[in-house]
Amino acid sequence: MKPSPFIYHRPASTSEALEMLADLGDAGKVLAGGQSLVPLMSMRLAAPAHLVDINHLPELDTVEVTSTHVRVGAIARHSRVERDAAAYDAIPLLRQGLENVAHPTIRNRGTTVGSIVHADPAAEMPAVLALLDGVVELRSANDRREVAATDFFVGPMESATRPGELAVAATFHRPPDGSGSAFLELARRHGDYAMCGVGAVVGTDPDGSVTHARVALISVGDGPVLVDVTPAVTGNGGGFDRAALNDLIDHDIDPEDDIHATAEYRRHLAHVLTARTLEQARERAVTARRAGRAA
Amino acid sequence: MDTETLVHVAFTVNGTPHELEVPARRLLSDALRHDLRLTGTHVGCEHGVCGACTVLVDGAPTRSCLVFAVSLEGAAITTVEGCGNPDGGMGPVQQAFQDCHALQCGFCTPGFITTIAAYLEENEDPTEAEAREAISGNLCRCTGYQNIVAAVQRAAELRAGRTGGPGANR
Ligand SMILES: Cc1cc2nc3c(=O)[nH]c(=O)nc-3n(C[C@H](O)[C@H](O)[C@H](O)COP(=O)(O)OP(=O)(O)OC[C@H]3O[C@@H](n4cnc5c(N)ncnc54)[C@H](O)[C@@H]3O)c2cc1C
Ligand code: FES
Ligand code: FES
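From first to last, the protein sequence lines stand for chains A and B.
Mapping of the first sequence onto this note's numbering: residues 11 to 305, in sequence order.
Mapping of the second sequence onto this note's numbering: residues 143 to 312, in sequence order.
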């Protein structure tokens with residue numbers, strides 16, 4: 011099918027985009043990479059009256075890396091963030107997550123901020139944002155606010171972004187030295203949305219013992235499900251107690267049946283992938299401790 | 143709406159500048175096929191999954207069914223028609239598909255050709271596993287993929303000027 015008609019706006023600056031969005035209110039929608047919005051429009055699941063195209067705003071095509079964070083601008087494509095060497099050095103979890111987002115061809119056009127605003131419960135980057143205590147920067151014609159990941163994901167496909175607002179950037183905070191991270195998922199075919207996926211950040215002390223750990227799970231709840239699994243760290247900090255992990259995970263996830271997997275199978279995946287992801291993250295933390303860098 | 147508002151957009155396709163007046167909702171795939179009569183680009187699923195419509199936008203493989211033509215102001219687009227040799231003969235990826243019998247009905251082929259052409263710009267000598275990964279976003283209902291994987295490696299040979307028989311250097 012084809013999209014229904016709409017009126018197209020191509021602002022030449024961010025401030026012009028914000029004015030347009032303010033004028034259009036509920037009738038306006040942002041067009042970023044279009045990798046979610048265009049198929050929804052073609053299937054007539056969405057029919058916005060106006061689209062404001064932010065693809066021609068180079069000031070939003072940014073990846074800024076500092077000693078404390080990585081800030082990704084609204085039109086930075088997934089592929090650009092994935093390839094950015096400085097961003098990878100600062101926060102390896104960015105690339106670890108992005109490699110699981112769709113296929114490279116989709117990543118060439120889709121944006122990281124767009125996938126966060128889209129808030130698909132199966133999407134990887136909302137989970138990465140949650141794990142890294144991320145913040146979304148929202149601007150409107152006469153306001154600017156920052157929303158923490160914990161408040162940003164309101165429900166399935168629903169974020170805290172209001173009509174008239176543009177998410178100009180997302181900021182991911184660098185985990186402390188001695189941390190390790192990993193992202194693993196299982197999909198029917200590589201590149202599809204995952205039946206379940208898990209990101210993890212594990213912190214260690216100078217001896218390499220685990221001090222704290224968190225995971226964020228996808229496709230098993232209304233949004234990314236962030237779980238502090240520190241209580242499941244074993245006595246000497248050398249690993250995790252499987253039964254305790256499963257209990258912590260079961261307490262917070264709420265998987266559902268669909269044509270791709272049953273709820274029970276997703277729960278099983280959540281258990282298995284959580285244990286594997288944590289172990290990989292722990293190993294990386296220990297290796298990084300030895301080499302004196304983040305992993 | 144009887145008459146839809148038309149939007150002006152200018153971009154190049156295979157090096158030729160084009161100016162179009164199209165409805166905003168015109169997908170790039172339709173602009174190429176219907177407005178520019180470049181029917182080499184095929185449309186399968188029209189929602190980003192099959193890869194048949196893949197073209198290069200400023201060198202990067204992109205689903206033409208997932209972009210509006212009007213959003214591509216100033217872009218340089220390459221379709222399968224632009225993947226030939228300058229002398230009009232087949233380009234290395236196309237030649238490799240013939241050598242390796244990498245197509246049957248051919249519906250999926252344009253998307254594979256563009257994807258592989260761009261991939262080889264970044265990785266000139268892929269292993270078999272890398273070749274498989276490179277085409278993982280494109281679906282083919284006929285071939286079973288084996289010959290397409292072989293064609294990726296054959297195309298790499300042709301580009302490097304190793305022009306023995308198919309697979310001669312493997
Ligand atoms: C075949 C296929 C497979 C995919 N697989 C995955 C996958 O496995 N994992 C995954 O995470 N994603 C997947 N995606 C989606 C892809 O990652 C999208 O790029 C992403 O979800 C949306 O980003 P976008 O830039 O394309 O946004 P768009 O499609 O342009 O926009 C999506 C929504 O967000 C709004 N929006 C976007 N940017 C902003 C902004 N800056 N401010 C305010 N509102 C904004 C839009 O108005 C729209 O409602 C897949 C897509 C396809 C077609
Ligand atoms: S037609 Fe575009 S991906 Fe299938
Ligand atoms: S050759 Fe028929 S779909 Fe690929």
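Each residue gets a CB set at the ideal place from its N, CA and C atoms; glycine is no exception.
Keep in mind the model is a prediction, meaning the values are calculated, not measured.
Positions along the stretch 177–198 of chain B whose CB lies within less than 8 Å of some CB in chain A: 188, 189, 190, 193, 196
According to DSSP, what are the bridge partners of residue 153 of chain A? As a position in the first sequence, residue 153 of chain A is number 143, starting the count at 1. DSSP, once it has assigned bridges, lists A/150 as partnering residue 153 of chain A.
Is any heavy atom in ligand 2 found nearer than 7 Å to the beta carbon of residue 192 of chain B? Residue numbering aside, residue 192 of chain B sits at position 50 when the second sequence is read from its first letter. Because some heavy atom of ligand 2 lies under 7 Å away, the Cβ of residue 192 of chain B counts as near it: yes.
Delimiting residues of the beta strand (DSSP E) encompassing residue 191 of chain A: Against the first sequence, residue 191 of chain A aligns to sequence position 181. 189–196 is the extent of the beta strand (DSSP E) around residue 191 of chain A.
When the Cα atoms are used, what is the spatial distance from residue 199 of chain B to residue 151 of chain B? Within the second sequence, numbered from 1, the residue matching residue 199 of chain B stands at position 57. Within the second sequence, numbered from 1, the residue matching residue 151 of chain B stands at position 9. So the two alpha carbons sit approximately 15 Å from each other.
Does the distance from the CB of residue 229 of chain A to the CB of residue 201 of chain A come in under 8 Å? Residue 229 of chain A sits at position 219 when you count from the first residue of the first sequence. Residue 201 of chain A sits at position 191 when you count from the first residue of the first sequence. No; because the gap between Cβ atoms is not below 8 Å, this pair is not in contact.
Cβ-heavy atom distance, residue 17 of chain A to ligand 1, below 7 Å: Position 7 of the first sequence, counted from the first residue, corresponds to residue 17 of chain A. Because no heavy atom of ligand 1 lies under 7 Å away, the Cβ of residue 17 of chain A does not count as near it: no.
Under a CB-based cut-off of 8 Å, is residue 127 of chain A close to chain B? Taking the first residue of the first sequence as position 1, residue 127 of chain A is located at position 117. No, because no Cβ of chain B sits closer than 8 Å to the Cβ of residue 127 of chain A.
If you follow the beta strand (DSSP E) that residue 163 of chain B is in, where does it begin and where does it stop? Reading the second sequence from its first residue, position 21 is the one you call residue 163 of chain B. Counting along the chain, the beta strand (DSSP E) containing residue 163 of chain B begins and ends at 158–165.
Residues of chain B with CB under 8 Å from residue 41 of chain A, in chain order? On the first sequence, residue 41 of chain A is found 31 positions in, with the first residue counted as 1. Per Cβ cutoff of 8 Å: 210, 213.
So, using beta-carbon positions, are residue 221 of chain B and residue 191 of chain B closer together than 8 Å? Stepping through the second sequence from its first residue, residue 221 of chain B is reached at position 79. Stepping through the second sequence from its first residue, residue 191 of chain B is reached at position 49. No; because the gap between Cβ atoms is not below 8 Å, this pair is not in contact.
Does residue 220 of chain B get closer than 8 Å to chain A when you measure Cβ to Cβ? Within the second sequence, residue 220 of chain B is the residue found at index 78, counting from 1. Not closer than 8 Å to any Cβ of chain A, the Cβ of residue 220 of chain B fails to qualify, so no.
Residue 326 of chain A: buried (16+ other C-beta within 10 angstroms of its C-beta) or exposed? Given that chain A is displayed from residue 11 to residue 305, the structure contains no residue 326 of chain A and the question cannot be resolved.
Secondary structure of residue 126 of chain A, DSSP reduced to three states: Within the first sequence, numbered from 1, the residue matching residue 126 of chain A stands at position 116. Looking at residue 126 of chain A - three-state DSSP - the assignment turns out to be helix.
According to DSSP, residue 290 of chain B sits in a beta bridge with which residue or residues? Counted from its first residue, the second sequence places residue 290 of chain B at position 148. Partner(s): none; residue 290 of chain B has no beta bridge.
For the stretch 42–57 of chain A, which residues have a beta carbon sitting closer than 8 Å to at least one beta carbon of chain B? 44, 45, 48, 49, 51, 52, 53
Distance between residue 263 of chain B and residue 312 of chain B (C-alpha atoms, nearest Å): Working through the second sequence from its first residue, we reach residue 312 of chain B at position 170. Working through the second sequence from its first residue, we reach residue 263 of chain B at position 121. Any answer about residue 312 of chain B is weak, because its pLDDT of 41 lies below 50 and its placement is not dependable; what the coordinates show is given next. The alpha-carbon atoms of residue 312 of chain B and residue 263 of chain B are separated by roughly 20 Å.
Quick one: what's got a C-beta closer than 6 Å to residue 113 of chain A's C-beta in the same chain, skipping five residues either side? Locating residue 113 of chain A in the first sequence gives position 103, counting from the first residue. Here the set comprises 201.
For residue 235 of chain B and residue 106 of chain B, believed in contact at Cβ under 8 Å, the rounded distance: With chain B covering 143 to 312 only, the question about residue 106 of chain B has no answer from this structure.
Can you list, in chain order, the residues of its chain with a C-beta nearer than 7 Å to that of residue 298 of chain B? Leave out the 5 residues immediately preceding and following it. For the purposes of this step, residue 298 of chain B is taken as residue 156 along the second sequence, with counting starting at 1. The residues are 262, 266, 267, 268.
Do the stretch 160–167 of chain A and the stretch 248–266 of chain A meet, that is, are 3 or more Cβ pairs less than 8 Å apart? no
Answer yes or no: the CB of residue 186 of chain B versus the heavy atoms of ligand 2, is any distance below 7 Å? Looking up residue 186 of chain B in the second sequence gives position 44. Result yes, Cβ under 7 Å from ligand 2.
Among B/302, B/303, B/255, B/304, whose alpha-carbon lies nearest the alpha-carbon of residue 291 of chain B? To locate residue 291 of chain B, count along the second sequence from 1; it is residue 149. When only C-alpha atoms are compared, the closest one is B/255.
If you compare alpha carbons, which of A/299, A/278, A/270 is closest to residue 306 of chain A? Examination of residue 306 of chain A is not possible in this model, given that chain A is present from 11 through 305 alone.
With a 10 Å radius around its C-beta and 16 neighbouring C-beta atoms as the bar for buried, classify residue 288 of chain B as buried or exposed. Translated into the one-based positions of the second sequence, residue 288 of chain B becomes position 146. Exposed: under 16 other Cβ atoms inside 10 Å.
Chain-ordered neighbours of residue 149 of chain B on chain A, where CB pairs are closer than 7 Å: The residue given as residue 149 of chain B occupies position 7 in the second sequence. Ordered by position in chain A, the residues that pass the 7 Å Cβ test against residue 149 of chain B are 18.
Give the straight-line distance between the Cα atoms of residue 189 of chain B and residue 280 of chain B, rounded to the nearest whole angstrom. What you label residue 189 of chain B is simply residue 47 of the second sequence in a count that begins at 1. What you label residue 280 of chain B is simply residue 138 of the second sequence in a count that begins at 1. In a straight line, the C-alpha of residue 189 of chain B is about 13 Å away from that of residue 280 of chain B.
Where residue 118 of chain A meets chain B, residues with beta-carbon distance less than 7 Å: Sequence index remark: in the first sequence, residue 118 of chain A carries index 108 (1-based). Going along chain B in sequence order, the residues near residue 118 of chain A (Cβ under 7 Å) are 202, 203, 204.
Mind checking whether residue 172 of chain B and residue 162 of chain B have CB atoms under 8 Å apart? Working through the second sequence from its first residue, we reach residue 172 of chain B at position 30. Working through the second sequence from its first residue, we reach residue 162 of chain B at position 20. Contact flag unset, no.
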